[in-house]
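Enquirer: Pasting a structure below so you can have a look.
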């Protein structure tokens with residue numbers, strides 16, 4: 022093999038093996054799937070071995086690929102970590118925060134100016150994406166996740182546990198008799214979460230019988246979309262109270278029946294256990310600021326997990 026290492030091709034191999042998909046590897050590298058495929062072909066031609074086997078669900082490492090992938094993955098992760106160290110040596114600190122679009126839009130983004138004013142030497146990059154970020158590989162300092170708080174190898178601190186409220190537009194509610202019980206919600210079209218589970222779980226939490234009616238209606242993968250559909254009069258939605266606060270305050274939505282359910286799930290701030298020393302000060306400042314904002318809003322924080 023020549024002295025010049027095919028680094029681009031090797032990274033295409035590492036990312037494809039990491040994600041099991043040419044498309045995901047291309048996204049990680051910022052190129053097209055065709056470019057990744059070409060790099061893999063050139064690498065396999067040069068080595069004279071097949072590195073992947075194709076399946077119905079994507080690509081998997083071949084026997085030869087599996088033998089070398091862990092070492093190459095570690096090498097590229099070390100390169101990434103080294104670059105992060107160099108970037109962090111700049112005078113200003115940039116914190117990368119990952120959060121779901123609904124939480125970012127409704128709670129975090131409107132408050133970030135306060136953090137910037139209190140910490141002018143720290144820049145914040147907010148990634149509002151439903152994708153579950155890998156804190157190490159993606160260079161994320163703090164991830165806001167909605168779940169149970171158990172994330173192996175990571176530290177998590179509970180921020181707030183919003184409740185579910187059944188909400189609908191006043192115009193839609195005017196078409197039926199006032200709701201008295203949760204079952205009265207079934208007189209209206211239901212708007213669903215992406216897994217079609219919230220209505221069923223809400224009924225169960227209230228000790229009520231759940232049936233197939235609770236899974237009918239259009240589904241949305243984000244609370245903000247549910248809120249917008251409810252404002253448009255398309256049906257009644259179960260949404261977290263913090264995501265419908267503005268619409269409830271200005272009358273665009275109304276609570277259909279007063280039977281909120283505190284969810285077992287909560288929002289957690291997740292950080293690395295092995296956080297690089299140069300990131301600690303900025304992350305500590307951000308976490309302290311969030312705790313203060315939650316106390317001011319009267320929503321927490323809850324004790325650390």
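Residue numbers (this note's numbering): 22 to 326. Glycine included, every Cβ here is placed at the ideal spot set by N, Cα and C.
When you compare the CB positions of residue 266 and residue 248, do they come within less than 7 angstroms of one another, or not?
Expert: Not closer than 7 angstroms, so no.
Enquirer: In whole angstroms, give me the CA-to-CA distance for residue 173 and residue 270.
Expert: Those two C-alpha atoms are separated by around 39 angstroms.
Enquirer: Can you have a look at residue 37 and say buried or exposed, based on whether 16 or more other CB atoms are within 10 angstroms of its CB?
Expert: Looking at its Cβ environment, which holds 16 or more other Cβ atoms inside 10 Å, residue 37 is buried.
Enquirer: Just how far apart, CA to CA, sit residue 91 and residue 157?
Expert: If you take the alpha carbons of residue 91 and residue 157, they lie about 16 angstroms apart.
Enquirer: If you draw a straight line from the C-alpha of residue 211 to the C-alpha of residue 311, how long is it?
Expert: Cα to Cα, residue 211 sits roughly 34 angstroms from residue 311.
Enquirer: Measure the Cβ-Cβ separation of residue 103 and residue 243 and say whether it is below 7 angstroms.
Expert: Contact flag unset, no.
Enquirer: So what does DSSP say about residue 264, is it helix, strand or coil?
Expert: Three-state DSSP puts residue 264 in a helix.
Enquirer: Once the 5 residues before and after residue 215 are set aside, which same chain residues still bring their CB inside 6 angstroms of it?
Expert: 240 and 242, listed in sequence order.
Enquirer: Considering only residues of the same chain and omitting the five flanking positions on each side of residue 325, which have a CB-CB separation below 6 angstroms?
Expert: Summary for residue 325: the model assigns pLDDT 31, below 50, so the residue's position carries little reliability; its value from the coordinates is reported in the next sentence. The residues are 178.
Enquirer: DSSP three-state label for residue 58, please.
Expert: Of the three classes helix, strand and coil, the one that applies to residue 58 here is helix, per DSSP.
Enquirer: Would you report the Cα separation of residue 99 and residue 218, rounded to the nearest angstrom?
Expert: Those two C-alpha atoms are separated by around 41 angstroms.
Enquirer: Going by C-alpha distance, which of 274, 80, 165 and 118 is nearest residue 262?
Expert: Residue 262 has its Cα closest to that of 274, out of 274, 80, 165 and 118.
Enquirer: Within this structure, are the beta carbons of residue 272 and residue 192 separated by less than 7 angstroms?
Expert: Taking 7 angstroms as the Cβ cut-off, residue 272 and residue 192 do not qualify as a contacting pair.
Enquirer: If you check the beta carbons only, do residue 187 and residue 278 fall under 7 angstroms apart?
Expert: Yes, the pair counts as a contact, with Cβ atoms nearer than the cut-off.
Enquirer: On the three-state DSSP scale, how would you describe residue 318?
Expert: Three-state DSSP puts residue 318 in a helix.
Enquirer: Starting from residue 253, follow the beta strand (DSSP E) in both directions and report where the run begins and ends.
Expert: That residue, residue 253, is in no beta strand (DSSP E); it is neither H nor E in DSSP.
Enquirer: Take residue 202 as the anchor and find which of 58, 185 and 227 has the nearest alpha-carbon.
Expert: Of the listed residues, the one whose Cα sits closest to residue 202 is 227.
Enquirer: How would you call residue 256, buried or exposed, if buried means at least 16 neighbouring beta carbons within 10 angstroms?
Expert: Counting Cβ neighbours within 10 Å, residue 256 comes out buried, since at least 16 surround it.
Enquirer: Can you tell me which of the three DSSP states residue 211 falls into?
Expert: Residue state, collapsed to three classes: strand.
Enquirer: So which of 160, 153 and 41 has the shortest CA-CA distance to residue 87?
Expert: The shortest C-alpha separation from residue 87 is found at 41.
Enquirer: Ordered along the chain, which non-local residues of its own chain (more than five positions away) have a Cβ less than 8 angstroms from that of residue 64?
Expert: Correct list, in chain order: 27, 30, 31, 33, 34 and 72.
Enquirer: Assuming residue 288 and residue 167 are in contact, meaning their beta carbons sit under 8 angstroms apart, how far apart are those beta carbons, in whole angstroms?
Expert: The pair is a contact, with the Cβ atoms about 5 angstroms apart (cut-off 8 angstroms).
Enquirer: Can you check which of these residues, 39, 235, 81 and 268, is closest to residue 246 by C-alpha distance?
Expert: Nearest of 39, 235, 81 and 268 to residue 246, Cα basis: 268.
Enquirer: State the beta-bridge partners of residue 79 as determined by DSSP.
Expert: Its beta-bridge partners are 76.
Enquirer: So, for residue 250: in the same chain, excluding its five sequence neighbours on each side, which residues have a beta-carbon less than 6 angstroms away from its beta-carbon?
Expert: The residues are 212.
Enquirer: DSSP puts residue 148 in a beta bridge; with which residues?
Expert: The partner list for residue 148 (beta bridge, DSSP) reads 119.
Enquirer: Could I get the ranges of all uninterrupted beta strand (DSSP E) runs contained in the region 184-236, with 3 residues as the minimum, in chain order?
Expert: Taking only runs of at least 3 residues, the beta strand (DSSP E) segments lying wholly in the region 184-236 are 184-189 and 211-214.
Enquirer: Straight-line CA distance for residue 322 to residue 148?
Expert: Low confidence applies to residue 322: its pLDDT is 42, below 50, so where it sits in the model is not reliable, and the reading given next is rough at best. Cα-Cα distance, rounded: 22 angstroms.
Enquirer: Hey, quick one: how far does the alpha helix (DSSP H) through residue 32 stretch, first residue to last?
Expert: Run containing residue 32: 28-40, per the alpha helix (DSSP H) assignment.
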